[in-house]
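Engineer: Protein chains in written order, with the numbering used here: chain A, 1 to 275; chain B, 1 to 338.
A single structure is presented below for examination.
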């Protein structure tokens with residue numbers, strides 16, 4: 001049982017980080033389907049730097065920076081052009097898959113994975129710190145208030161003389177950094193970078209944000225539910241009772257059901273997706 | 001409306017070309033190859049030979065089907081991101097149904113029947129996000145993305161009892177069922193996989209254009225897409241429009257499988273699609289959701305797709321994945337401002 005709980009905790013880490021990243025971005029009014037891509041780019045950079053420097057900490061730092069940079073690139077496109085942010089996010093995910101594959105070929109001459117990353121360092125203190133500070137930023141800080149204003153009613157910020165673009169850019173940098181840490185934990189857990197290793201976690205995180213009605217605590221609880229589905233899938237695969245495909249489907253099916261059953265009373269940020 | 005498209009399509013293509021050019025140079029230099037050498041190899045192996053040109057058109061064929069599928073759904077305001085799953089399920093249904101048809105059956109009839117099966121399967125799969133949206137107001141963007149993952153796993157699960165042992169594909173269909181290949185008409189293209197599917201795709205493009213811009217229902221689709229509330233007040237049957245947009249989009253995605261099952265491969269194979277359903281969203285966007293403009297967009301994606309194999313010796317072929325994604329981003333960024 002203890003092992004099971006530990007497994008659930010470990011599995012839920014990338015979901016928790018990516019979903020809080022999604023909350024930060026979407027509360028600020030920027031639709032974000034690109035969490036998947038942010039994580040993937042960061043995971044690759046983490047592996048690259050960790051292998052080069054022999055330090056997972058350095059790798060994670062570089063991964064976080066890369067995630068933040070990629071997220072700022074996303075916001076630059078989303079803000080400058082009144083674009084469809086859903087599709088823009090998907091194009092950034094596709095670019096991330098291509099880019100990491102391209103670099104994987106160049107750096108390690110492999111189409112599937114990097115060499116083994118020694119991961120003695122424990123990233124979990126950083127994860128806890130990141131989650132707690134995200135909560136603090138959203139709930140207690142002045143920036144959090146501005147963020148929510150940017151998401152619900154940007155003119156209020158303008159009236160205060162605060163730049164909406166700057167608030168949102170800062171939010172996206174935080175989003176990217178959180179996704180970056182999520183990517184780094186994936187590399188630390190699997191001891192290498194593998195092609196498309198995020199495997200839809202970014203999309204599931206977005207679903208958690210919607211199902212949790214854009215509030216951090218409900219969203220994180222939903223993430224634990226999804227992570228539970230992934231652990232169950234792992235157990236079911238071992239048990240041989242179900243076909244492995246049926247078990248692997250579980251997180252996505254839970255997610256589909258969740259989207260169908262979500263409460264309609266909670267509202268999305270009012271200015272979500274508006275430039 | 002089509003006039004407005006014509007005005008903005010040209011600068012969009014230019015910007016896309018510029019972005020692609022810059023990235024292309026960057027990737028070539030990163031891989032230590034001279035960009036001009038790579039470009040020459042790209043041109044020589046694609047448009048400069050009959051075989052290469054035929055392969056380019058073959059690669060463009062699924063982009064035509066799925067590009068039109070996405071364009072139609074987007075025109076009606078439905079963000080169907082589930083094309084990949086609908087294509088997979090269509091292919092699976094085609095491959096399995098084909099093995100049950102009597103081998104002595106009339107080839108053309110069998111092919112037509114299988115196309116209908118693929119369309120029906122794709123449309124049914126597309127009903128999943130559509131019905132979730134109708135009954136539970138679930139956002140179709142997210143549910144349709146999830147159905148891609150579920151489709152991939154479902155397809156591999158269902159395939160198992162039908163697969164040839166020790167493989168992940170269905171039994172090969174009788175030769176008579178398969179589409180005519182171009183090599184029987186133009187000997188110089190020997191080995192190319194281009195066939196009837198491409199002609200069928202062009203017919204689909206023409207039909208979609210006529211439907212969208214020359215029929216009353218097509219007008220309602222576009223009205224619903226550009227302003228759902230106005231369409232509702234006008235008395236348009238919005239539920240029927242939403243469901244039919246998903247059904248048609250899913251059917252065309254499913255039909256796209258014919259390029260593989262009845263064209264190049266002759267059977268359904270697990271995981272054959274490799275993300276075409278996502279790239280096709282870029283085709284539709286670059287084509288400004290207009291079926292006719294989808295054609296040049298699909299040709300460009302086909303060129304990059306086939307060209308990537310041609311230049312793999314100089315630059316890792318994954319380069320073109322980034323290029324196509326960049327084109328997609330540019331196409332989105334130049335979308336209509338609100």
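All C-beta atoms, glycine included, are put in the ideal place defined by N, C-alpha and C.
Pull up the DSSP beta-bridge partners for residue 134 of chain B, would you.
Structural biologist: Its beta-bridge partners do not exist; DSSP assigns none.
Engineer: Just mark residue 321 of chain B as buried or exposed, buried being the case when its beta carbon has 16 or more other beta carbons within 10 Å.
Structural biologist: Label assigned to residue 321 of chain B: buried.
Engineer: Extract the residue ranges of the alpha helix (DSSP H) inside the stretch 47-76 of chain B, only unbroken runs of 4 or more that lie entirely within it.
Structural biologist: Complete alpha helix (DSSP H) runs here, min 4: 50-75.
Engineer: Quick one, are the C-beta atoms of residue 51 of chain B and residue 191 of chain B less than 8 Å apart?
Structural biologist: The answer is yes: Cβ separation under 8 Å.
Engineer: If you measure between the beta carbons of residue 72 of chain B and residue 208 of chain B, is that distance less than 8 Å?
Structural biologist: Yes; because the gap between Cβ atoms is below 8 Å, this pair is in contact.
Engineer: Kindly list, in the order they appear in chain A, the residues whose Cβ is closer than 9 Å to that of residue 27 of chain B.
Structural biologist: Those within 9 Å of residue 27 of chain B in chain A are 102.
Engineer: Nearest CA to the CA of residue 284 of chain B: which residue from A/73, A/259, A/91, A/2?
Structural biologist: Nearest option by C-alpha distance: A/91.
Engineer: May I ask you to list the residues that DSSP assigns as paired with residue 170 of chain B?
Structural biologist: DSSP lists B/163 as partners of residue 170 of chain B.
Engineer: Under 8 Å, Cβ to Cβ, is there at least one residue of chain A near residue 1 of chain B?
Structural biologist: A caution first: residue 1 of chain B carries a pLDDT of 35, below 50, which makes its placement in the model unreliable, though a value can still be read off. No, because no Cβ of chain A sits closer than 8 Å to the Cβ of residue 1 of chain B.
Engineer: What is the DSSP secondary structure of residue 3 of chain B, reduced to helix, strand or coil?
Structural biologist: Unreliable placement is indicated for residue 3 of chain B, whose pLDDT of 42 sits below 50; no coordinate value is reported for it.
Engineer: Under 8 Å, Cβ to Cβ, is there at least one residue of chain A near residue 325 of chain B?
Structural biologist: Yes, contact with chain A.
Engineer: According to the Cβ coordinates, are residue 184 of chain A and residue 34 of chain A closer than 8 Å?
Structural biologist: No, the Cβ-Cβ distance between residue 184 of chain A and residue 34 of chain A is not below 8 Å.
Engineer: Identify the continuous alpha helix (DSSP H) that holds residue 230 of chain A and give its terminal residues.
Structural biologist: Residues 216-239.
Engineer: Given a limit of 8 Å on CB to CB distance, which residues of the stretch 150-164 of chain B reach chain A?
Structural biologist: Flagged, chain order: 150, 153, 154, 156, 157, 160.
Engineer: Since residue 207 of chain A meets chain B, which of its residues come closer than 8 Å, beta carbon to beta carbon?
Structural biologist: Here the neighbours are 142, 146.
Engineer: What residues in its chain sit with their C-beta under 6 Å from that of residue 246 of chain A, if we drop five residues either side in the sequence?
Structural biologist: Within the same chain, residue 246 of chain A has no close Cβ partners at all.
Engineer: Can a CB atom of chain B be found closer than 8 Å to the CB of residue 197 of chain A?
Structural biologist: No, no contact with chain B.
Engineer: By the criterion of Cβ-Cβ separation under 8 Å, what are the contact partners of residue 276 of chain B in chain A?
Structural biologist: Simply none; closest approach about 11 Å.
Engineer: If you compare alpha carbons, which of A/48, A/28, A/21, A/105 is closest to residue 313 of chain B?
Structural biologist: Checking every option, the nearest Cα to that of residue 313 of chain B belongs to A/105.
Engineer: Quick check on DSSP: helix, strand or coil for residue 54 of chain A?
Structural biologist: In this structure, residue 54 of chain A counts as coil in the three-state DSSP scheme.
Engineer: Go to residue 2 of chain A, then tell me how far its alpha helix (DSSP H) extends in each direction, as first and last residue.
Structural biologist: Residue 2 of chain A -> alpha helix (DSSP H) spans 2-27.
Engineer: Buried or exposed: residue 2 of chain B, going by 16 or more other Cβ atoms within 10 Å of its Cβ?
Structural biologist: With a pLDDT of 40 at residue 2 of chain B, under the threshold of 50, the modelled position of that residue is not reliable, and the figure given next carries that caveat. Residue 2 of chain B comes out exposed.
Engineer: In chain order, which continuous runs of the beta strand (DSSP E) of length 3 or greater are located wholly inside the stretch 229-293 of chain B?
Structural biologist: Runs found: none.
Engineer: Between which two residues does the alpha helix (DSSP H) holding residue 140 of chain A run?
Structural biologist: From DSSP, the alpha helix (DSSP H) with residue 140 of chain A extends over 124-140.
Engineer: On the three-state DSSP scale, how would you describe residue 114 of chain A?
Structural biologist: Correct three-state label for residue 114 of chain A: coil.
Engineer: Apart from the five residues just before and just after residue 7 of chain A, which ones in its own chain have a Cβ nearer than 8 Å to its Cβ?
Structural biologist: Here the set comprises 231, 234.
Engineer: Whose C-alpha, out of B/237, B/277, B/185, B/225, is nearest the C-alpha of residue 250 of chain B?
Structural biologist: If we check each option's Cα against that of residue 250 of chain B, B/277 comes out closest.
Engineer: Alpha carbon to alpha carbon, how far is residue 5 of chain B from residue 331 of chain B?
Structural biologist: Annotation note: pLDDT 48 at residue 5 of chain B (below 50); position unreliable, coordinate value reported separately. Roughly 13 Å separates the two Cα atoms.
Engineer: Do you know offhand how far residue 187 of chain A's Cα is from residue 26 of chain A's?
Structural biologist: Their Cα atoms are separated by approximately 26 Å.
Engineer: With DSSP as the reference, please indicate the residues paired to residue 195 of chain B in a beta bridge.
Structural biologist: Residue 195 of chain B pairs with B/181.
Engineer: Starting from the C-beta of residue 276 of chain A, find all residues in its chain whose C-beta is less than 8 Å away, skip the five residues before and the five after it, and write them out in chain order.
Structural biologist: Residue 276 of chain A cannot be examined here, being either before or after the span of chain A that is shown, 1 to 275.
Engineer: Residue 215 of chain B by DSSP, collapsed to three states: which one?
Structural biologist: Reduced to three states, the DSSP call for residue 215 of chain B is coil.
Engineer: Compute the minimum distance between the beta carbon of residue 52 of chain A and the heavy atoms of the ligand PLP, and state whether it is under 7 Å.
Structural biologist: Among the ligands in the structure shown, none appear at all, so the ligand PLP cannot be discussed.
Engineer: Using beta-carbon positions only, say whether residue 162 of chain A and residue 147 of chain A come within less than 8 Å of one another.
Structural biologist: Not a contact, by the Cβ cut-off of 8 Å.
Engineer: With distances taken from CA atoms, which of A/114, A/121, A/174, A/255 is nearest residue 137 of chain A?
Structural biologist: Here the closest residue by C-alpha is A/174.
Engineer: If distances are taken between C-alpha atoms only, which option among B/109, B/157, B/227, B/309 comes closest to residue 244 of chain A?
Structural biologist: Nearest of B/109, B/157, B/227, B/309 to residue 244 of chain A, Cα basis: B/157.
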